[in-house]
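Residue numbers (the numbering used here): 184 to 227. Note that beta-carbon positions come from the ideal geometry of N, C-alpha and C, so glycine has one too. Single-structure report; data block below.
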């Protein structure tokens, strides 16, 4: 039973980390895309 509990805790931590990484990637893409759009408008 301890293995199941440990796996559950590991799964929760892993899912939380995956969500954080996903949000960071989304924000980075938005920032990079926004920066590219601004440069295109200024120098295009």
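{"Asked": "Which of helix, strand or coil DSSP assigns to residue 227", "Found": "coil"}
{"Asked": "Straight-line Cα distance separating residue 212 from residue 206", "Found": "10 Å"}
{"Asked": "Euclidean distance between Cα positions of residue 184 and residue 193", "Found": "Confidence is the limiting factor: at residue 184 the pLDDT is only 47, short of 50, which leaves the residue's position unreliable, though a coordinate-based value still follows. Approximately 14 Å, taken between the alpha carbons."}
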